[in-house]
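Read through the structure below, which is laid out as structure tokens, and then see the notes.
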Amino acid sequence: MNILITGVAGFIGSNLARELLTQRHSVAGIDNLSAGTRENVPAGVRLHVHDIRDESIAELFRGVDAVYHLAAKNCLTDCMNNPVETADINVRGTANVLECARRAGVKKFVYADSSAEYEGLQEFPSTVDHIAPEGIYASSKRGGALLCESYRKFFGMNVTILRYFNVYGPAQDFRRVIPPVMSAFILKMLNGEPPVIYGTGDKRRDYIYVDDVNRFQILTLTDTRTNGRTYNVGSGVSHSVKDVFRMIEDEMKTGLKPIHKPELPNDVDNTLADITRERALGWAPQVNIQEGIRRTIEYLKSKLHATRT
Ligand SMILES: NC(=O)c1ccc[n+]([C@@H]2O[C@H](COP(=O)([O-])OP(=O)(O)OC[C@H]3O[C@@H](n4cnc5c(N)ncnc54)[C@H](O)[C@@H]3O)[C@@H](O)[C@H]2O)c1
Numbered sequence: 002m003n004i005l006i007t008g009v010a011g012f013i014g015s016n017l018a019r020e021l022l023t024q025r026h027s028v029a030g031i032d033n034l035s036a037g038t039r040e041n042v043p044a045g046v047r048l049h050v051h052d053i054r055d056e057s058i059a060e061l062f063r064g065v066d067a068v069y070h071l072a073a074k075n076c077l078t079d080c081m082n083n084p085v086e087t088a089d090i091n092v093r094g095t096a097n098v099l100e101c102a103r104r105a106g107v108k109k110f111v112y113a114d115s116s117a118e119y120e121g122l123q124e125f126p127s128t129v130d131h132i133a134p135e136g137i138y139a140s141s142k143r144g145g146a147l148l149c150e151s152y153r154k155f156f157g158m159n160v161t162i163l164r165y166f167n168v169y170g171p172a173q174d175f176r177r178v179i180p181p182v183m184s185a186f187i188l189k190m191l192n193g194e195p196p197v198i199y200g201t202g203d204k205r206r207d208y209i210y211v212d213d214v215n216r217f218q219i220l221t222l223t224d225t226r227t228n229g230r231t232y233n234v235g236s237g238v239s240h241s242v243k244d245v246f247r248m249i250e251d252e253m254k255t256g257l258k259p260i261h262k263p264e265l266p267n268d269v270d271n272t273l274a275d276i277t278r279e280r281a282l283g284w285a286p287q288v289n290i291q292e293g294i295r296r297t298i299e300y301l302k303s304k305l306h307a308t309r310t
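Okay, so the sequence shown: first residue is 2 according to our numbering, each after it adds one.
So, in structure tokens, the structure goes:
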């Protein structure tokens, strides 16, 4: 299939592109490189450096069979500090991508939604039918998802919405002001520095390894049961930040102790996916957290080694 990925130079997009190429699909991508890097983009992907809000991207959708729309502003702190730009990229940008896809007659559209949709709820595990977005990031993802639903209802667009939980693994964006916890801990520890825990470390997250996410994303291309539906992409298990540190330390044996900083705003206590609906499709997470941590450590070690030599 001819596949177009927005956000292809980012974490999830670049991993997805690599897997699609392995499965012999033809892959093109759009990214403005605001967070992603050229280096992330696998050889064989046609990278178009554009902003998703730019109307001129329409021509890139010609002959495309499926679109994965992953480009977004998604660092929570950054979104809180820049609400207008967040809405512009995540809502208006999504509208532009949807409209380009509709005009080009794209057969499948996959939208990257987020577990942040559940942030105002205290019922766990989270099921897809109950949501309560509160923060700027979550509201902007909801805005994009609502547009997807309108395009499905009024234009017959074949949309699948995926709510990712804490995805981790190679190519995670660790250069952010507040980097995602897993890669941030490992990198600090590889550099011999203590990792930073915001708050007590008791906050729990549902971590899912990027290869498992890839398998679910690719399933949506072929399994027609996913058409028009919304899914949780999580592991169905949660771990505290303290536990994650301990698991990494068990592997790395650095002797380092974390330092604690004040809690971050808009940082929920818990995330946990109900994955009954996803298991019913025959999908299940295959990489447990210890194995995922080992693989992420190996990747980051090789990256550090490459930059030092
Ligand atoms: N990683 C997670 O745990 C997670 C969890 C929930 C939801 N998501 C969603 O999944 C998607 C991918 O996340 P990720 O972790 O790969 O993020 P990422 O930041 O690594 O990748 C996003 C990519 O989009 C690009 N981008 C941003 N604004 C753009 C614009 N205006 N035009 C063109 N490109 C632009 C960035 O340069 C980057 O390469 C996002 O939509 C995010 O909201 C991710």
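Using N, Cα and C, we set each Cβ at its ideal position, and we do this for glycine too.
With hydrogens ignored, establish whether the beta-carbon of residue i is closer than 8 Å to any heavy atom of ligand 1.
i	result
Asn233	no
Gln123	no
Phe166	yes
Thr7	yes
Lys74	yes
Ser116	yes
Ile132	no
Arg296	no
Arg271	Looking at the sequence itself, residue 271 is Asn, so the reference to Arg does not match. No, Cβ of Asn271 sits at least 8 Å from all heavy atoms of ligand 1.
Gly11	yes
Arg47	no
Arg142	Rather than Arg, the amino acid found at residue 142 in this sequence is Lys. Yes, Cβ of Lys142 sits closer than 8 Å to a heavy atom of ligand 1.
Arg54	yes
His51	yes
Tyr300	no
Ser57	no
Ala36	yes
Gln173	yes
Leu188	no
Looking at residue i: is its Cβ nearer than 9 Å to the Cβ of residue j?
i	j	result
Glu86	Asn267	no
Ile13	Leu61	no
Val234	Glu279	yes
Leu148	Val92	yes
Lys108	Asn167	no
Ile198	Val269	no
Val259	Pro196	Strictly speaking, residue 259 in this sequence is Pro, with Val absent from that position. Cβ atoms of Pro259 and Pro196: closer than 9 Å.
Thr7	Ile53	yes
Gly145	Ala73	yes
Ile132	Phe186	no
Ser141	Ile90	yes
Ile219	Leu5	no
Leu305	Leu188	yes
Met2	Leu222	yes
Asp1	Gly237	Residue 1 lies beyond the residue range present for the chain, which begins at 2 and ends at 310; the question has no answer from this structure.
Pro126	Ala274	yes
For residue i, which of helix, strand or coil comes out of DSSP?
i	result
Ser140	helix
Arg326	Outside the displayed span of the chain (2 to 310) sits residue 326, for which this structure offers no information.
Arg47	strand
Ile219	helix
Asn271	strand
Asn167	strand
Arg25	coil
Ala105	coil
Ile294	helix
Phe125	coil
Arg39	helix
Ala133	coil
Thr161	strand
Applying the 10 Å Cβ sphere with the 16-neighbour rule, what's the burial state of residue i?
i	result
Thr225	exposed
Val178	exposed
Gln287	exposed
Asn289	exposed
Asp213	buried
Ala117	buried
Ser303	exposed
Ser57	exposed
Phe246	buried
Ala281	exposed
Gln173	buried
Thr310	exposed
Arg47	exposed
Asn192	exposed
Arg25	exposed
For residue i and residue j, which I take to be in contact (beta-carbon distance under 8 Å), what is that distance rounded to the nearest angstrom?
i	j	result
Ser151	Arg205	Not confirmed; about 34 Å, so no contact.
Gly30	His49	7 Å
Arg153	Gly94	Between Gly94 and Arg153 the Cβ distance is about 18 Å, and since that is not below 8 Å, they are no contact.
Asn97	Tyr138	Going by Cβ atoms, the distance from Asn97 to Tyr138 rounds to 19 Å, so no, they are not a contact pair.
Gly183	Tyr165	The sequence given here has Met at residue 183, not Gly. The Cβ separation is near 14 Å, so there is no contact.
Ile276	Thr231	Not really, about 13 Å apart at Cβ, beyond 8 Å.
Thr297	Tyr119	Actually they are not in contact, since the Cβ atoms of Thr297 and Tyr119 sit about 25 Å apart, beyond 8 Å.
Ala67	Val42	At roughly 18 Å, the Cβ-Cβ gap does not stay under 8 Å, so Ala67 and Val42 are not in contact.
Arg295	Glu252	6 Å
Phe156	Arg103	5 Å
Relative to ligand 3, is the shortest distance from any of its heavy atoms to the C-beta of residue i smaller than 8 Å?
i	result
Gln218	This structure simply doesn't include ligand 3; it includes ligand 1 instead.
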